[in-house]
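Working notes, structure below.
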Amino acid sequence: YWAEITEARRLIDLPQALGLRDLHVWTDTTIAERFDWGREEGIWVLILRVYRLPQAVELPMLPEYGGCKSWIELQASIDTRGSVPVVADSDWNHYLGAITERLGTSAA
């Protein structure tokens, strides 16, 4: 699988972040803890479209991939041709519409 970030938005209103509870896997407690973590209150919402690769790819576990990281850059390229969305377009549009409605206009 691989994912494409289709939108990203930083939320600075905790109730707005909690209003997405049925569209992700985190608990309200986790959202609140993450919201208050760091120098500035807020949390990033990343809307991801996930795709299934046509065949499995095995990657080596390199030392630079380890540790507590939100994102890593892979050293190897992965051919994504032939990938298919995990969620059908109609369902994707439904979820995207629900998120956009709750957050307002499209993210920057």
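In the working numbering, the protein residues as written are -1 to 106.
Ideal placement from N, C-alpha and C gives every residue a C-beta, glycine not left out.
Between the C-alpha atoms of residue i and residue j, what's the straight-line distance to the nearest angstrom?
{"i": "residue 91", "j": "residue 21", "result": "13 Å"}
{"i": "residue 33", "j": "residue 24", "result": "12 Å"}
{"i": "residue 84", "j": "residue 94", "result": "14 Å"}
{"i": "residue 105", "j": "residue 9", "result": "For residue 105, the predicted structure reports a pLDDT of 42, less than 50, and the residue's modelled location is therefore unreliable. The matter cannot be settled from this model."}
{"i": "residue 69", "j": "residue 63", "result": "9 Å"}
If I follow the unbroken beta strand (DSSP E) through residue i, where does it start and stop?
{"i": "residue 120", "result": "Look at the range of the chain in this structure, -1 to 106, and you will see that residue 120 is not part of it."}
Under 8 Å Cβ to Cβ from residue i, same chain only, skipping five residues before and after it: list those, please.
{"i": "residue 60", "result": "73"}
{"i": "residue 81", "result": "0, 49, 50, 51, 52"}
{"i": "residue 29", "result": "12, 15, 16, 19, 41"}
According to DSSP, residue i sits in a beta bridge with which residue or residues?
{"i": "residue 7", "result": "43"}
Does DSSP classify residue i as helix, strand or coil?
{"i": "residue 69", "result": "coil"}
{"i": "residue -1", "result": "coil"}
{"i": "residue 52", "result": "coil"}
{"i": "residue 104", "result": "At residue 104 the pLDDT is 45, less than 50, meaning the model places this residue with poor confidence and gives no usable figure here."}
Can you tell me where the alpha helix (DSSP H) holding residue i begins and where it ends?
{"i": "residue 32", "result": "26 to 33"}
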